Every structure is written in C-alpha cells, then in structure tokens.
Amino acid sequence: MGYCLAKLGQYREAVESYKQALRITPKEAGIHSNLCAAYGKMGHYDEAIESCKQATQLKPDFAEAYSNLGWSYQKMGRYQEAIQACKEAIRLKPDFSPAHYNLGNSYAVLKKYDEAIHSYKEAIRIKFDYAEGHLDLGAAYFHTDRIEEAMDSYKQAIRLKPSLAEAHLNLGMAYLRLGDRGSAIEEYKILKELDRALANRLFNLIYE
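Heads up, the sequence shown is in the numbering used here, so the first residue is 20 and it goes up one at a time.
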C-alpha cells in the first residue's frame, strides 16, 4: 500500500502506511528503506537517514538502502558520508546504476569532476536510457572545458527525454561557449515551451 501511495506522489500517506506496516513487522528492512525514500521525497532528511540506517542494520548487504542513505546524506550536505554510503552500495551491487549516479552527484558538488565523470559514465553504461545521467555527465564535462563532449551528452539526454528543460538550457550555454549564438537561440525557442524561467535565463545569456 505504501509503495503504491509513494508512486502516486502521496508521500505523507505512504509514510503512515509504512509506519503501520512496521508496527506489524518491525524487522522488515525493505519497509525501512521505502520509508527512507518517502521521507526523502518530503525533505525530511534526518528521518530518512535514520530509516536507511535501520534498513542497513537489519540487512547489511542491502545495496539499495545504502544508495538511499547516500542520497539522503547528499541532500543534507554531508558529502563525504554520501560518498562512503554510495561506495558501499556499489561494493554490494556493482551494477546498481542509481548508486553510481548518486556518487557522481556528490563528487560534482565537491568539484571532483574527473571522479564525477567516471561515476556518471558507469551509471549510463548500466542504464543507457538514464537521461539525467547524460545531463549531469554533460555538466561535468562542461566544468572541465570539454565542451564538445558536454554537447554530445546534452544531445543524448534530449534524445532520451525531449522535455528535459535543463538539457536544452545547458546545450544552449555550450553553444554560446563555442560562439554559436544562432544554435543557442534555437534552444531558447524550444525552452520557451518547456520552462519559462530557464528560457529567460538563457535569453539573458544570449543577449548580455
């Protein structure tokens, strides 16, 4: 029941459902991990971390719970702990794409872009249709001045998910970095239909 509610975006109701289930089966690691994810979606990261810790204590080889724990630590700005949790998830389940992606995000925030690139590449090697993985790989390339590779990643993200507004913004910015104002304007035209705020941001960059 809680899982279905979470899928519908009804996270508060999902939390209550998971809590009720835990009163019946308090040692079910999967429910603790799902509770962690629901708390995280609500922005209750302290509670999410505690739930994930409960899950990993009950089931020390629970890779998904370690990945959720890493994501929760990242949201709290506790990046070194996030990295360690994601690495443990990867050790337990090397082909778990979200753990590689979450690890890449923590590295990117710390400006460890080479490590971030490696992690994002692993995430999309495992799950190639991971549009956000291609997007963030492009951002890591962009920050290391590998603009052509960044553009390829942004274009792949758009092929996979044409409505991904941030990919159009970033691609427009990459075109500007290369002096291709005309192509940046084309991305602006697309972006206007997807996200007016991001479109305005790109417009200001084009005409500054």
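Ideal Cβ placement from N, Cα and C applies to all residues, glycine included. As the structure is a computational prediction, the values presented were derived from the model and not from experiment.
### Query
Do Gln93 and Asn121 have their C-beta atoms within less than 8 Å of each other?
Counting from 1 along the sequence shown, the entry for residue 93 is found at position 74. Counting from 1 along the sequence shown, the entry for residue 121 is found at position 102. Between Gln93 and Asn121, the gap from beta carbon to beta carbon is short of 8 Å.
### Nearest neighbour of Ile225, chosen from Asn189, Asp214, Leu213 [CA to CA]
Locating residue 225 in the sequence shown gives position 206, where the first residue counts as 1. Selected option, being the one with the closest Cα: Asn189.
### Query
Using the rule of at least 16 other Cβ atoms within 10 Å of the residue's Cβ for burial, across every protein chain shown, is Glu83 buried or exposed?
In the sequence shown, residue 83 corresponds to position 64, counting from 1. When all chains shown are included, Glu83 counts as buried.
### Option in Glu212, Ile109, Gly96, Arg110 with minimal Cα separation from Asp287
In the structure as shown, the chain begins at 20 and stops at 227. Residue 287 is therefore absent and cannot be evaluated.
### Query
Taking the runs of the alpha helix (DSSP H) that are 4 residues or longer, which of them lie wholly in the segment 143-227?
150-162, 166-179, 184-196, 200-211, 215-225
#### Entry: Inter-residue CB distance, Ala159 and Tyr132 (contact presumed, cutoff 8 Å)
Here residue 159 is taken as the residue at index 140 of the sequence shown, counted from 1. Here residue 132 is taken as the residue at index 113 of the sequence shown, counted from 1. Their Cβ separation, rounded to whole angstroms, is 5 Å, which keeps Ala159 and Tyr132 in contact under 8 Å.
### Collapsed DSSP secondary structure at Glu141 in the structure displayed
Looking up residue 141 in the sequence shown gives position 122. It is helical.
### Query
Beta-carbon separation of Ala135 and His153 under 8 Å?
Translated into positions along the sequence shown, residue 135 becomes position 116. Translated into positions along the sequence shown, residue 153 becomes position 134. No. Outside cutoff.
### Task
Report the residue from Lys208, Ala186, Ala169 whose alpha carbon sits nearest the alpha carbon of Leu197.
Within the sequence shown, residue 197 is the residue found at index 178, counting from 1. If we check each option's Cα against that of Leu197, Ala169 comes out closest.
### Message
Leu221 and Ala203 - do their beta-carbons sit closer together than 8 Å?
### Response
Here residue 203 is taken as the residue at index 184 of the sequence shown, counted from 1. Here residue 221 is taken as the residue at index 202 of the sequence shown, counted from 1. Yes, the pair counts as a contact, with Cβ atoms nearer than the cut-off.
### Query
Can you tell me the Cα-Cα spacing of Gly191 and Asp171, whole angstroms?
Translated into the one-based positions of the sequence shown, residue 191 becomes position 172. Translated into the one-based positions of the sequence shown, residue 171 becomes position 152. Rounded to whole angstroms, Gly191 to Asp171 spans 12 Å at the Cα level.
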